[in-house]
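Count along the sequence shown starting at 1, add 10, and that's the number in my numbering.
First the structure, in the form of structure tokens, and then the observations on it.
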Amino acid sequence: MGRRAAPVTSRRVVIVGAGASGIPLAARLGAQGDHVVLLEAGTAHMPDAAWTVRGGMPDLPSTWTYDAELVPGRPWRIARGRMPGGSTAVNGAVFQRPHPDDFASWAATAGAPWSYEACLPALRRLESDRDFPDAPVHGRSGPVPVQRTGADDPLTRAFLAAVVAAGAVREADKNGGGPSGVGLVPRNAVGADRWSVDRAYAPLLAAASVEVRPGATAQRIRFQGRRAVGVDVVVDGIHEFVAADEVVLCAGAIETPRLLLRSGVGDAAACDPAAAHVLARRGVGRNLSDHAAIDVSWRLRGTPPALGAAWTAAWNAPAGTVAGLGVEMLLAVLPTAAILTGDATATGALDLRVTLAEPLSRGAVTLGPASMVRYGYLSHDIERAALRAAVRAADGILRSSEMADLVAWVAPEPGPLGTALHSCGTARMGAAEDPDAVADAHGRVHDTENLRIADASLLPHVPSRGTALAAVLIGERIAELMAAE
Ligand SMILES: Cc1cc2nc3c(=O)[nH]c(=O)nc-3n(C[C@H](O)[C@H](O)[C@H](O)COP(=O)(O)OP(=O)(O)OC[C@H]3O[C@@H](n4cnc5c(N)ncnc54)[C@H](O)[C@@H]3O)c2cc1C
């Protein structure tokens, strides 16, 4: 169970959201001696195997569901995890670090605490990398097991060979911080066994005596002036006030800005009119940054590999290689119908997923009612051109000689525009004078007291790879920064 936590101080920290960031933060703050109360709207669950995202579909008890709009006039519906573990309990279990270039760009806006070098100790602390335990950039005793799969799989090998033949760098360790290219994707899973954050950090949470309250939905942050004094919650239909010396929002990139807007923090016109207006920070709910995605469908000759993984390999192509902006190509090794439904016997087409890794467009999150998540995708010509080029490249890979023995059919047209569900930036960090910044480099909300954000809302923009690991890192990193205050 690990060693006992440090003695509990009198400071009571209330964290909203036991997801990708909230759980690591709670575990580390508890170990540092704070009295931590961790509020989570969802309740306990038994997560699905790591090869399916069935639990992450809209309109389930395990998810928050939102009306969304990808581009003006193109409605969509999205979901996020609503249970201990948050979206890490329902996602694709791809666990890629942001690239050092992402950190450099974040640090330029958010400050030096977000450089790659400054974040490396936290990156190492959160993981135990089963494939590269001795590499200096990796951890070998952290809570999240990280493993790559598919090295011996003929389909994965053919994809890697085809992409290298197309000119890509072979990236042996995608979490190693080297030049971007093609390689096996790190996963927070061991085969089909998913390690969501609630599972990975359970021993640390217990050792740190964190008070976890599943089924507690935060309604509003309560203020005295601009000082946060606690959170109004609903538990089983009963309203309750949870007092706090400090409130930390880890409700995710959609719910954190919405909670702020419901509490009177943000543009007055965007805030809940029923709440007293506390503070005008126009960045709350804006600057939504996410990856537009398009699937290129194809059919496999023979039986899909049974690796316990939905996705095994990715090509992260930097700007200027495949397209004018960075793009990612992610190889699914199971039929889409199986991944989405959890029915391992489902057959049909597989998808090679193409995403715009370095989007310029920004969207917004609002209180609703309609299109509460507006992605605003592809508002720049260069983005449309990049996505088209990436789709052409994906089509070329599937039709390459390296993959010819395995590919029975490639769809003549790509699928419709979608989203990778990697939302970030909706309450981003930056200097107090920056009109669109909401929080400083430690996540403290500007012009308030005792109120902090610690989740992917803080990131100036989406990383060029997935967001799950970045969200866990934020919990770990903010705990370090709080300890240093
Ligand atoms: C279906 C799906 C597949 C994905 N696949 C991948 C992938 O393979 N790789 C990858 O890198 N990324 C993936 N992502 C994205 C990644 O999982 C998320 O970016 C990351 O987990 C953060 O998610 P989140 O914003 O939902 O916040 P999380 O931190 O995961 O969740 C926030 C938590 O706060 C709780 N909460 C919210 N509001 C309140 C409230 N008012 N009161 C109390 N609790 C509250 C929620 O219930 C939830 O538990 C995927 C996402 C989804 C939805």
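Virtual Cβ for every residue (Gly too), placed ideally from N, Cα, C.
(1) Any contact of the region 449-467 with the region 391-400, i.e. 3+ C-beta pairs under 8 Å?
(2) Take R223 as the anchor and find which of R309, E50, H148, M339 has the nearest alpha-carbon.
(3) Is it right to say G247 is buried, meaning 16 or more other beta carbons lie within 10 angstroms of its own, or is it exposed?
(4) Rounded C-beta distance between A447 and M439? I'm assuming under 8 Å.
(5) Three or more beta-carbon pairs under 8 Å between the region 307-316 and the region 351-367, yes or no?
(6) Hey, which unbroken runs of the beta strand (DSSP E) at 3 residues or more fall wholly within the region 279-362?
(7) Where T62 and G352 are concerned, what is the direct C-alpha to C-alpha distance, given to the nearest angstrom?
(8) Once you ignore the five residues that flank E127 on each side, which residues in its own chain have a CB closer than 6 Å to its CB?
(9) Going along the chain, which unbroken runs of the beta strand (DSSP E) with 3 or more residues stay wholly within the region 173-206?
(10) For ligand 1, I want to know if L341 counts as a neighbour, meaning its beta carbon is within less than 8 Å of at least one of the ligand's heavy atoms.
(11) Taking 8 Å as the cut-off, does the region 261-272 touch the region 284-304 (at least 3 CB pairs, one atom from each stretch)?
(12) Mind checking who R462 pairs with in its DSSP beta bridge?
(13) In whole angstroms, what separates the C-alpha of K184 from that of S190?
(14) Over what stretch of residues does the alpha helix (DSSP H) that includes L397 continue unbroken?
(15) Taking contact to mean 3 or more Cβ pairs, one atom from each stretch, closer than 8 Å, check whether the region 22-29 and the region 69-82 are in contact.
(16) Return the first residue and the last residue of the beta strand (DSSP E) that W124 is part of.
(17) Helix, strand or coil for A15? Go by DSSP, reduced to three states.
(18) Any heavy atom of ligand 1 within a distance shorter than 8 Å of the CB on T98?
(19) May I ask you to report which of helix, strand or coil DSSP gives V104?
(20) Can you find the residues in the same chain that come closer than 8 Å, C-beta to C-beta, to D163, ignoring five residues on each side of it along the sequence?
(21) Whether or not the region 156-176 and the region 410-417 are in contact is what I'm after, with contact meaning three or more pairs of Cβ atoms, one per stretch, closer than 8 Å; do they touch?
(22) From G386 to D144, what distance separates their C-alpha atoms?
(23) A303: which of A399, G225, A319 sits nearest, CA to CA?
(24) With three or more beta-carbon pairs closer than 8 Å as the criterion, would you say the region 97-106 touches the region 472-482?
(25) Under a CB-based cut-off of 9 Å, is N101 close to chain C?
(26) If you drop the 5 nearest sequence neighbours on each side, which residues of the same chain put their C-beta closer than 6 Å to that of H471?
(27) Below 9 Å between beta carbons: does that hold for D465 and A263?
(28) Mind listing, in chain order, the continuous alpha helix (DSSP H) runs of no fewer than 4 residues lying wholly within the region 19-101?
(29) Mind checking which residues open and close the alpha helix (DSSP H) that includes G485?
(30) Is the CB-CB distance between A373 and V383 below 9 Å?
(31) Could you give the distance in angstroms between the alpha-carbon of A254 and the alpha-carbon of A168?
(32) Taking only runs that begin and end inside the region 411-441, name each unbroken beta strand (DSSP E) of 3 or more residues, in chain order.
(33) Please name the residue or residues paired with G240 in a DSSP beta bridge.
(34) Quick one: grab the DSSP three-state call for R223.
(35) Select from L136, A202, L133, E79 the residue whose C-alpha is nearest the C-alpha of G160.
Taking the coordinates as given:
(1) Segment contact: the region 449-467 against the region 391-400, fewer than three CB-CB distances shorter than 8 Å; contact not assigned.
(2) It is E50 whose Cα lies nearest to the Cα of R223.
(3) When all chains shown are included, G247 counts as exposed.
(4) The C-beta distance from A447 to M439 rounds to 6 Å, short enough to meet the 8 Å contact threshold.
(5) The region 307-316 is in contact with the region 351-367.
(6) Contiguous beta strand (DSSP E) elements confined to the region 279-362 occur at 302-310, 321-327, 337-342, taking only those with 3 or more residues.
(7) When rounded, the distance between both Cα atoms is 5 Å.
(8) Excluding positions up to five away in sequence, the list is empty.
(9) Taking only runs of at least 3 residues, the beta strand (DSSP E) segments lying wholly in the region 173-206 are 192-194.
(10) Not so, every heavy atom of ligand 1 lies at least 8 Å from the Cβ.
(11) By the criterion of at least three beta-carbon pairs nearer than 8 Å, the region 284-304 is in contact with the region 261-272.
(12) R462 pairs with V258, R454.
(13) Going by C-alpha positions, K184 is about 8 Å away from S190.
(14) For L397, the uninterrupted alpha helix (DSSP H) run begins and ends at 391-408, by DSSP.
(15) Of all C-beta pairs linking the region 22-29 to the region 69-82, fewer than three are shorter than 8 Å, placing the two stretches out of contact.
(16) Where W124 is concerned, there is no enclosing beta strand (DSSP E), given that its DSSP letter is neither H nor E.
(17) Because A15 sits at a pLDDT of 46, beneath the cut-off of 50, its placement in the model cannot be relied upon, and the following sentence gives the value as read from the coordinates. In this structure, A15 counts as coil in the three-state DSSP scheme.
(18) T98: yes, Cβ under 8 Å from ligand 1.
(19) Assignment of V104 by DSSP, reduced to helix, strand and coil, places it in the strand class.
(20) Non-local beta-carbon contacts of D163 in its own chain, meaning distances under 8 Å to residues more than five positions away in sequence, involve P315, L317, T322, V343 in chain order.
(21) Taking a cut-off of 8 Å for Cβ pairs, the region 410-417 and the region 156-176 touch, as three or more such pairs fall below it.
(22) When rounded, the separation of the alpha-carbon atoms in G386 and D144 is 43 Å.
(23) Ranking A399, G225, A319 by Cα distance to A303 puts A399 first.
(24) With three or more CB-CB distances shorter than 8 Å, the region 97-106 counts as touching the region 472-482.
(25) In the structure shown, chain C does not exist; there is a single protein chain.
(26) Cβ neighbours of H471 beyond the five flanking positions: S299, G435.
(27) Using a Cβ distance threshold of 9 Å, D465 and A263 count as a contacting pair.
(28) Taking 4 residues as the minimum length, the alpha helix (DSSP H) runs contained wholly in the region 19-101 are 32-41, in order along the chain.
(29) Boundaries of the alpha helix (DSSP H) harbouring G485: 478-493, taken from the DSSP string.
(30) Note that residue 373 corresponds to Gly in the displayed sequence, not to Ala. Going by C-beta atoms, G373 is nearer than 9 Å to V383.
(31) If I take the Cα positions, the gap works out to 55 Å.
(32) Taking only runs of at least 3 residues, the beta strand (DSSP E) segments lying wholly in the region 411-441 are 417-420.
(33) R232, A253, per the DSSP bridge assignment.
(34) Assigned with DSSP and collapsed to three states, R223 falls in strand.
(35) Checked all of L136, A202, L133, E79; the closest Cα to G160 is A202.
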